[in-house]
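> Sending over a structure as structure tokens; questions will come in a sec.
Below, the structure is given as structure tokens:
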């Protein structure tokens, strides 16, 4: 694990952490540790502070009809002058139902269009356009889900055809449950983000017709580039600290000093 994390630190310059939210402040659930605050779309009143992973950890509950919106401020990339085609989103979450659960919506306004990335009733990740994972997640269980996008590009040249998306799921014991490569999508496709001022917004857990079952989220992060499989799998399980830019040197030194046995965590078991 130490070698993988050092590799991640050495090669992650193309995927800079630009947003981090920990949901520890019950009076301001959208408060950012890094980046812009989340806007809470709480018209149905389902967003609230709940217990997270272990003693002292907190999370946000988000139910049907409500969501978070983010002004991401990521510059166009991936060969486009207008859209964000390369990014990574990290979710530490626990789904509370076995229905449809929306993770991401890329339209201009929350709940004004269908969600764009889902957990299906059977626990598979994806959407019809790019396909669903063969692996699945269970409700009432904490996972770290890392969704990496290289739209118009390829995340796995060893597979036949371009694979524009990758989902990595890691459990509470830091074991990789599965990594799934989704199908291809052309540049500036459905999952690209707008970068135009006043439209550079994405939405988490949003859907337009109620297919957004309740989710607890204890940590959410946004990166402005795609991660590789080894980088995503090196991040550890839900509750593991997401290394902030200012902590990279300290984090690396700690790993070297203890031979990789030390892991920064914000959770307790």
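Residue numbers (my numbering): 3 to 271.
Using N, Cα and C, we set each Cβ at its ideal position, and we do this for glycine too.
If you compare alpha carbons, which of 16, 19 and 33 is closest to residue 220?
33
> To which residues does DSSP link residue 107 through a beta bridge?
205
> Give the secondary structure of residue 165 by DSSP, where H, G and I count as helix, E and B as strand, and everything else as coil.
coil
> Where does residue 61 fall in DSSP's three states?
strand
> In angstroms, rounded to a whole number, what distance separates the CA positions of residue 120 and residue 159?
Cα to Cα, the separation comes out at about 25 Å.
> Taking all protein chains shown into account, decide if residue 199 is buried (16 or more other Cβ within 10 angstroms of its Cβ) or exposed.
The residue is exposed, with fewer than 16 neighbouring Cβ atoms inside 10 Å.
> Specify the secondary structure class of residue 186 as computed by DSSP and reduced to three states.
Residue 186: coil per DSSP, three-state reduction.
> Please confirm if the region 41 to 50 is in contact with the region 63 to 74, defined as three or more CB-CB distances below 8 Å between the two stretches.
yes
> According to DSSP, is residue 234 helix, strand or coil?
helix
> Taking the C-alpha atoms as reference points, what is the distance between residue 21 and residue 92?
10 Å
> Given a cut-off of 8 Å, decide if residue 194 and residue 87 are closer than it, judged by their beta-carbon atoms.
yes
> Do you know how far the Cα of residue 173 is from the Cα of residue 94?
10 Å
> Looking only at C-alpha atoms, which of 57, 71, 140 and 105 sits nearest to residue 148?
105
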